[in-house]
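For the protein sequence lines, the chains are A and B, in the order given. Per this note's numbering, the first sequence runs over residues 1 to 522. Per this note's numbering, the second sequence runs over residues 523 to 1044. Below is one structure, written out as structure tokens; the observations come after it.
2 protein chains.
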Amino acid sequence: MPEVSIDLDMKRITNDAFVKIARECEPDLLEKTVRPEKIVTIELDQDKNPVITRERPINELSEIEMKKGDRVCLDFGHHQVGYVTLRLKSVGSPQDAPAFFKLKFGEIARELTENSEDYNGWISRGWIQEEFMHVDVLPATIVLPRRYAFRYLEITTIDTSMKWQLVVEEVTCKSVSAVDMDKVEPYATEDEMIKQLDAASLRTLQNCMQSVFEDGPKRDRRLWLGDLRLQALANYETFKNYDLVKRCLYLFAGLTRDDGKIGACLFIEPEYIVDDTFLFDYSLFFVASLYDYYIETKDMDTVKDLWPSALRQIELANEYFDEKMLVVIPEGFTCFIDWTEGLDKQASAQAVYLYCVKRGLELAKVLGDDENEAWLTGQITEKQDAAKKWLWDEKQELFVSGSQKQISYASQVWMILADIFNKEENKKLLNHIIDLDPEKGMVSPYMNHHFVEALILCDEKEKAMDYMKYYWGGMIREGADTFWELYNPKNPGESPYGSSIVNSYCHAWSCTPTYLLRKYFK
Amino acid sequence: MPEVSIDLDMKRITNDAFVKIARECEPDLLEKTVRPEKIVTIELDQDKNPVITRERPINELSEIEMKKGDRVCLDFGHHQVGYVTLRLKSVGSPQDAPAFFKLKFGEIARELTENSEDYNGWISRGWIQEEFMHVDVLPATIVLPRRYAFRYLEITTIDTSMKWQLVVEEVTCKSVSAVDMDKVEPYATEDEMIKQLDAASLRTLQNCMQSVFEDGPKRDRRLWLGDLRLQALANYETFKNYDLVKRCLYLFAGLTRDDGKIGACLFIEPEYIVDDTFLFDYSLFFVASLYDYYIETKDMDTVKDLWPSALRQIELANEYFDEKMLVVIPEGFTCFIDWTEGLDKQASAQAVYLYCVKRGLELAKVLGDDENEAWLTGQITEKQDAAKKWLWDEKQELFVSGSQKQISYASQVWMILADIFNKEENKKLLNHIIDLDPEKGMVSPYMNHHFVEALILCDEKEKAMDYMKYYWGGMIREGADTFWELYNPKNPGESPYGSSIVNSYCHAWSCTPTYLLRKYFK
């Protein structure tokens, strides 16, 4: 199910003043030199799960003389994002052939057990973090030019010669981030699992906070608006790096389509450029993200600058509604919500619109923009009434979506977050869908986050906590040090890309337990 | 048939004064920027021979938009040794994944049709000139750090993404050599084949003349004494770069085993170091190489410096003779002569000893070293008598070798070069072995060179010319632009390494037609 959007005819416009501000907010990355903690052997057990079958102290590394086919796997203890340097030498007779070896970087142990040759998914295999290296002259210090996201590094000697062996004397990683999790107090709790949920969230967020908020430092290494919104919320409760949020908001507002539409994602290299992917929900989340930023910082200058951009997203989204005032999502990859196969996104999108317009209304009030306050108020009434009239199924007591009247978690969760009903009604609705457990479930941690937040807003905090321990805790029990792009407790190897080898295992939208804990479980 | 020698207990000694002189003679490499001439498609015909099935002008390169799996092959017109720079960009949507591509360098077209995955030979697969590259940000100018030997460069896009394509805007090669063949007058002839033999020889020699005389710029990129001797001879007739020969002689004499034994080869990186391979014939060729250098340059200072090292090789070789005064070659890779499988090397080695001692004797005379002149004269008599007594088969009128009394080309050719019989006897012997055409033939161009020189010395110049056109001309007819490490006219794909993909197709010991033509066919 390739989900890509291509619009080669798209016209881009740049707001130079906005881009200048974004540039001024570019962080100086912090650097830490990290060394591997031990040598490990990773194998599959009889259930095909990766297990560490042997551990050796790291100081034995420089004693290992690697012949053709030998391999060694280093465990850096925690997930790193950074630049790796290898110090290599040869032993035996003089080096009479180039050293030829493979490096394989894995965010989790499972990646080391997967054969990249077998990969046949639709996403680029260029994302697999593997290098084939020739080194003509040893000893050598190899400073790898690319940045990797990894905890494990496996080095396989493809060939030396019959006359000499390769020795890896030392490996270091210059780990980089805009922030330092060691500067953030851990969430106060005696509960070991909650401690781990907080720590893995913090590490996930830290490792995604680079020149911009990246979605994942392994893949896509890119600023996505949907991810930014959740990262910013978690950042407000932890690192409080407001400039990085500001930078990203100005980037999105400064680099748009010629009609002012904000892209779903953008690139910062080789130069700032907005992608040709536009998602109904993601563009709207610019409004929510600006609102969240204002609530946290009270930075009126930024709100004044960016309000027209935010408002424009509502205007453009408004064009997608039909005469019944129901949103019509075009074919293709035009609205995200979740990766769930076959999910009908109409009801969720209608709710996201309401969720964002309500936040836009608050901003209009703050700014004293009376004209738009009135227009937005009308928007809310109109679209909320339509939702209740056409999407609410009185008999089933559930929101339905699309022509097939599909029932899903996503529709209920987003309608609850859109705050259409009162708390009691919302609570009843949420428990109803939980009891029903429809086939159209939740796949991404992103959707699961919204489910937990809905539980909390319905005063189901205990259920929320239990669910966090079940869902994100499931990743912890699988050995996660950072949270994943995708996790299905019933099928941990699942991937929307045709193979889990290109999955991202440190993914921003998965970092929210620290936000949920610190905001709602004080 | 792995032929390697390993002696980890070997003690090395360095003559610092000699190494200093070698360092002073290090050449400044000449650089030329070379661009590909056309885009070619190489395929196998029905006889499994590589053929160019399509040619496109090089200016179309930057118009090719490469998707996943696409490939393009560039023909640089001639064999190059140098450093490649690629200018790349992306077209389509923004680059949303790393560019992942393979570079495959081929000295000849056949290499592009061979799959390196299939390689299973005993020599290191690290020699296969292939790189797997990830480029995170396009456009990019990629300056490859390694030196390659190639005429063809194939670029295969392993993956881009569904959203963009890779464009190779420009490829350049900074070709390097200590010499420039454009400065050497071509051999004067109207014969097209002879012109090509001369030109391919010159290019082979030029491309092997780097910081030292390399055996092959693809593989082993190393100074071997046996190759040096022939390269120096060709160099005297063409480039006349005496300093590079002097440098190599001082390196061999300056870096020896603790008993003064000169190695078969040595490395110049990461520092000058002699290998732990010692070959009976190669060590002795130091004497012949010094003699040739003296004849060409009359450089007495060098001869005086290096005479003790030369003499030492004869003394050490002398230890290999038994009570019959026949050489006994130890098991293993201890004497080269040729790659011919199962070749008994005793007779050839006996002859090489005589060949070199006779040249040593001339040097002793030049130096007025009466004592050694007498000793060497005795050596010649003693070993020559033994050869005639024990190795000459009166009945068969051939030299035989070893306990099995093996008959080979090599034994006859080297005995002729050793000048044991008079010219008429030698001529008869050579024509006899040609008529017999024994199973133990000649495999390497190195051995074939000695055969041709033997023909010439027997006044069989017409046969020599015909043979050059047959043997080296065979490579030309196969499309060679430089001469190969190995060529069997009856089996062009032959390799001593288990697969031809690691063969060297620009190999110093094959460069001698220009020497033979210019010296003997004036």
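Just so you know, even glycine gets a beta-carbon here, dropped at the ideal spot from N, CA and C. Computed from a prediction, not measured in an experiment: that's the story for all the values here.
Among the residues of chain A, those whose CB is under 8 angstroms from the CB of Trp-649 of chain B are Ala-97 and Pro-98, following chain order. A distance of 8 angstroms or more separates the beta carbons of Asp-159 of chain A and Lys-11 of chain A. Three or more beta-carbon pairs drawn from the segment 595-614 of chain B and the segment 723-731 of chain B are found closer than 8 angstroms, and the two stretches are therefore classed as touching. Following the DSSP letters along the chain, one finds Trp-994 of chain B inside the alpha helix (DSSP H) bounded by residues 983-999. CA-CA distance, Thr-141 of chain A to Glu-169 of chain A, rounds to 10 angstroms.
Contact check for Leu-766 of chain B against Phe-735 of chain B passes: the beta carbons are separated by less than 8 angstroms. Chain-order list of chain B residues neighbouring Arg-477 of chain A: empty, with the shortest C-beta distance near 31 angstroms, by a criterion of under 7 angstroms. For Gly-614 of chain B, the C-beta contacts it makes with chain A under 7 angstroms involve Leu-8, in order along the chain. The Cβ atoms of Ala-544 of chain B and Arg-769 of chain B sit closer than 8 angstroms to each other. With its beta carbon less than 8 angstroms from one in chain B, Pro-270 of chain A belongs to the interface.
Shortest Cα-Cα distance from Phe-1005 of chain B to any of B:Ile-677, B:Gln-687, B:Cys-695 and B:Asp-737 involves B:Asp-737. His-656 of chain B is bridged by DSSP to B:Phe-622. In this structure Glu-629 of chain B does not touch Cys-878 of chain B by the C-beta definition: roughly 32 angstroms separates them, more than the 8 angstroms allowed.
Excluding sequence positions up to five before and after Glu-577 of chain B, its CB lies within less than 6 angstroms of the CB of Lys-560 and Val-562, all in the same chain and listed in chain order.
Per the DSSP secondary-structure output, Phe-843 of chain B pairs in a beta bridge with B:Val-849. Residues of the same chain with a CB within less than 8 angstroms of the CB of Ile-337 of chain A, apart from the 5 flanking positions on each side, are Asp-281, Leu-343, Lys-345, Ser-348, Ala-349, Val-352, Ala-410, Trp-414 and Met-447 in chain order. Residue pairing by DSSP places Ile-795 of chain B opposite B:Phe-789 in a beta bridge. Using a Cβ-Cβ distance cut-off of 8 angstroms, the segment 609-624 of chain B and the segment 706-717 of chain B are not in contact, since fewer than three pairs of beta carbons, one from each stretch, lie closer than that value. The three-state reading of DSSP puts Lys-554 of chain B in strand, counting E and B together. The beta-carbon separation of Glu-371 of chain A and Leu-417 of chain A, rounded to 27 angstroms, does not stay under the 8 angstroms limit for a contact. Under the three-state reduction of DSSP, His-601 of chain B is assigned to strand. Residue nearest to Ser-124 of chain A within the set A:Val-502, A:Thr-514, A:Ser-175 and A:Lys-522 is A:Val-502 (criterion: CA-CA distance).
The three-state secondary structure of Trp-644 of chain B, taken from DSSP, is coil. Residue range 50-57 is occupied by the beta strand (DSSP E) that includes Thr-53 of chain A. For Lys-685 of chain B, the C-beta contacts it makes with chain A under 7 angstroms involve Val-4 and Ile-6, in order along the chain.
Assignment of beta-bridge partners to Phe-399 of chain A by DSSP yields A:Trp-392. Listed in chain order, the non-local C-beta contacts of Glu-895 of chain B below 7 angstroms within the same chain comprise Leu-883, Ala-886 and Lys-887, local neighbours out to five positions each way being set aside. Looking at the DSSP output, Tyr-1027 of chain B sits in no beta bridge, so it has no partner there. For Ile-158 of chain A, the residues of chain B that pass the 8 angstroms Cβ criterion are Arg-647 and Gly-648, in the order they occur in the chain. Bounds of any beta strand (DSSP E) do not take in Arg-744 of chain B, whose DSSP letter is neither H nor E. Listed by position along chain A, the residues whose Cβ is nearer than 7 angstroms to that of Pro-661 of chain B are Pro-270. Counting only runs of 4 or more residues that sit fully inside the segment 420-466 of chain A, the alpha helix (DSSP H) segments are 423-436 and 445-457, in chain order. In the DSSP assignment, Thr-156 of chain A is bridged to A:Arg-71 and A:Lys-102. For a Cβ distance threshold of 7 angstroms, residue set His-134 and Asp-136 of chain A lies close to Arg-668 of chain B, ordered along the chain.
Residue pairing from DSSP places Cys-173 of chain A in a beta bridge opposite A:Val-34 and A:Val-84. For the segment 622-645 of chain B, residues whose beta-carbon sits nearer than 8 angstroms to a beta-carbon of chain A comprise Phe-622, Trp-644 and Ile-645.
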